[in-house]
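Engineer: Submitted below is the structure of interest, expressed as structure tokens.
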Amino acid sequence: MIKTDIIIIGAGPVGLFTIFEAGLLKLRCHLIDSLAQPGGQCSEIYPKKPIYDIPGFPSILAGELVDNLMKQVAPFKPGFTFGEAAMRIEKTADDKFIVTTIKGTKHEAPIVIIAGGLGVFEPRKPPISNIEDYEDKGVEYIIKDPAFYQDKECVIAGGGDSALDWAIHLTEQKIASKVSLVHRGASFRGHLDSVQKVIDLADTGKINLVTEAEVVGLSGEGKIEKITIKHKRNGESIVEADHFIPLFGLKPSLGPIADWGLEIEKNAIKVDTLDYSTNVPGIYAIGDVNTYENKLKLILCGFHEGTMAVQSAFARIHPEKKNVLKYTTVNGVTGF
Ligand SMILES: Cc1cc2nc3c(=O)[nH]c(=O)nc-3n(C[C@H](O)[C@H](O)[C@H](O)COP(=O)(O)OP(=O)(O)OC[C@H]3O[C@@H](n4cnc5c(N)ncnc54)[C@H](O)[C@@H]3O)c2cc1C
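Here the sequence shown stands for residues 0 to 335, where the numbers follow numbering that gives the first Met the number 0.
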């Protein structure tokens, strides 16, 4: 049994910063994440994209923000259970919670803070019968590091910003040796300037743009070699490729947390904005996973929510103590 003061479910940017704010109050945290690494969406979806609205950083790559957060929280020696989804929560006789993961790892604490973001990540997969056979053998649903595609022939599928942006990036930065963009419709859902850029790159022969078509077949010995495209009007064609990257988005799903007796609205956990507590005393929800009037799904707002939640957690854990706000400029950062 792992015992701590606060169990944080989700090691995205919001869960990570909460360790720091809890640490200032001398509260220890242990984080559980179904992914193998910290950072949530920042690491999993857009590690190489710059973020422009983190206070004090005119621009910072999402992956770099995660690295910085990990450095910032290091003095507070957080524990991590990575690669395991939190599945069950139970209350003990002495008013604590036990959170059990899919692998049976048990964690006990008087406070649980859910920072589960979009929930357990599940990419929307195209209905190609053998697609799972090629996962990590040429099929990727998320581009983590564009350098992985250096000098490779890539087929991207999708009609939103992600598909357009990556097709442009892999082409303009001369990363992939060939980029095909396959889209079911005749028009795109992405930003107009991105759509125009793709059309311009297609006109100059730099992108192979295939619209009103979809990928229906994958073949190759042990890895992707050929991709079959079905055209709405004129039959099928075959494209040679090293990678097939369907970018159809992620399915937002709260996963097991949805059955924990919490008040849920539109796939998010309802909270009281006084302290971001849920309807279950001792359980808080912060970051993208919560909902309230005027909610903004921004990292900046999640940092505030985590800060407020740990203040309230402190009062629950130490009802006899009065917490006086101390500036870090005055007290510094004293770790454990
Ligand atoms: C392409 C893109 C660009 C963006 N740009 C910006 C921007 O410029 N500025 C900005 O402020 N925001 C931006 N965002 C939004 C920002 O990324 C989110 O607001 C932020 O990641 C939310 O952080 P979080 O910690 O709440 O959740 P997440 O980052 O979603 O992390 C949640 C974590 O919880 C884990 N988890 C969920 N359920 C469980 C479970 N049952 N057990 C174990 N682990 C679980 C997940 O695996 C995940 O790692 C962008 C988002 C995207 C997709």
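Just so it is clear, CB atoms sit at the ideal spot from N, CA and C, and this is done for glycine as well.
(1) Looking only at C-alpha atoms, which of Gly305, Ala35, Asp52, Phe302 sits nearest to valine 119?
(2) Give the straight-line distance between the Cα atoms of lysine 151 and isoleucine 223, rounded to the nearest whole angstrom.
(3) Any contact of the segment 71–80 with the segment 175–194, i.e. 3+ C-beta pairs under 8 Å?
(4) What did DSSP end up calling lysine 229 once you bin it into helix, strand or coil?
(5) For the alpha helix (DSSP H) containing alanine 61, name the first residue and the last one.
(6) Is leucine 217 near ligand 1 - that is, is its Cβ less than 8 Å away from at least one heavy atom of it?
(7) Could you tell me the alpha carbon to alpha carbon distance between leucine 246 and glutamate 83, rounded to whole angstroms?
(8) Below 8 Å on the Cβ atoms is my contact criterion, and I expect leucine 60 with lysine 47 to pass it. Report the Cβ-Cβ distance as a whole number of Å.
(9) Anyone know if the C-beta pair for alanine 267 and alanine 114 falls short of 9 Å?
(10) Which of helix, strand or coil does DSSP assign to glycine 39?
(11) What residue range is occupied by the uninterrupted beta strand (DSSP E) comprising arginine 337?
(12) If we call anything under 9 Å between Cβ atoms a contact, is lysine 14 one with leucine 30?
(13) Looking at isoleucine 112: is its Cβ nearer than 9 Å to the Cβ of isoleucine 5?
(14) Within the same chain, show all residues whose beta-carbon is closer than 8 Å to that of aspartate 274, passing over the 5 residues directly before and after it, in chain order.
(15) In the DSSP assignment, what residue or residues form a beta bridge with glutamine 239?
(16) Under a three-way DSSP split, which group does valine 13 fall into?
(17) Whose CA, out of Ile206, Lys105, Arg183, Asn278, lies closest to the CA of isoleucine 8?
(18) The alpha helix (DSSP H) spanning valine 332 covers which residue range?
(19) Identify every run of the beta strand (DSSP E) within the segment 100–173, keeping only runs that are complete inside it and at least 3 residues long; order them along the chain.
(20) Determine the burial state of tyrosine 140: buried for a count of at least 16 other Cβ atoms within 10 Å of its Cβ, exposed for fewer.
(21) Compare the C-alpha of isoleucine 18 against each of Pro57, Cys153, Ala73 and name the closest.
(22) Which value, in whole angstroms, describes the spacing of the CA atoms of leucine 295 and proline 280?
(23) Is the beta carbon of threonine 272 closer than 9 Å to that of glutamate 262?
(24) Tell me, please, which residues DSSP counts as bridged to valine 209.
(25) Could you confirm whether any beta carbon from chain C is found closer than 9 Å to the beta carbon of isoleucine 206?
(26) Does the beta carbon of glycine 311 fall short of 8 Å from some heavy atom of ligand 1?
(27) In whole angstroms, what is the alpha-carbon distance linking glycine 219 and glycine 22?
(28) If you draw a straight line from the alpha carbon of glutamate 239 to that of lysine 225, how long is it in whole angstroms?
(29) So leucine 200 is in the alpha helix (DSSP H); what residue range does that whole segment cover?
(30) According to the Cβ coordinates, are arginine 123 and lysine 250 closer than 9 Å?
(31) Please report how far the alpha carbon of isoleucine 206 lies from the alpha carbon of tyrosine 45, in whole angstroms.
(32) What is the DSSP secondary structure of threonine 306, reduced to helix, strand or coil?
(33) Inspect the beta-carbon positions of methionine 0 and proline 255 and report whether they are closer than 9 Å.
(34) Please state if the CB of leucine 64 and the CB of isoleucine 237 are separated by a distance shorter than 9 Å.
(35) Assuming proline 381 contacts alanine 166 (C-beta within less than 8 Å), just tell me the rounded distance between them.
Structural biologist: For this structure:
(1) Ala35
(2) 12 Å
(3) no
(4) strand
(5) 61–72
(6) no
(7) 25 Å
(8) 6 Å
(9) no
(10) helix
(11) Residue 337 lies beyond the residue range present for the chain, which begins at 0 and ends at 335; the question has no answer from this structure.
(12) Per the sequence shown, residue 14 should be read as glycine rather than lysine. Yes, these two residues count as a Cβ contact at 9 Å.
(13) yes
(14) Tyr283, Met307, Ala308, Gln310, Ser311
(15) For the sequence presented, residue 239 should be read as glutamate rather than glutamine. Glutamate 239 pairs with Lys225.
(16) helix
(17) Lys105
(18) Counting along the chain, valine 332 falls outside any alpha helix (DSSP H), and DSSP gives it neither H nor E.
(19) 105–108, 110–113, 152–156
(20) buried
(21) Ala73
(22) 24 Å
(23) no
(24) Val181
(25) Protein chain content of the structure displayed is limited to a single chain, and chain C is not contained in it.
(26) First, the residue type needs correcting, since residue 311 is serine and not glycine in the sequence shown. Serine 311: no, Cβ never under 8 Å from ligand 1.
(27) 52 Å
(28) 4 Å
(29) 191–202
(30) yes
(31) 22 Å
(32) helix
(33) no
(34) no
(35) The shown model of the chain, from 0 to 335, leaves out residue 381, and the question about it has no answer.
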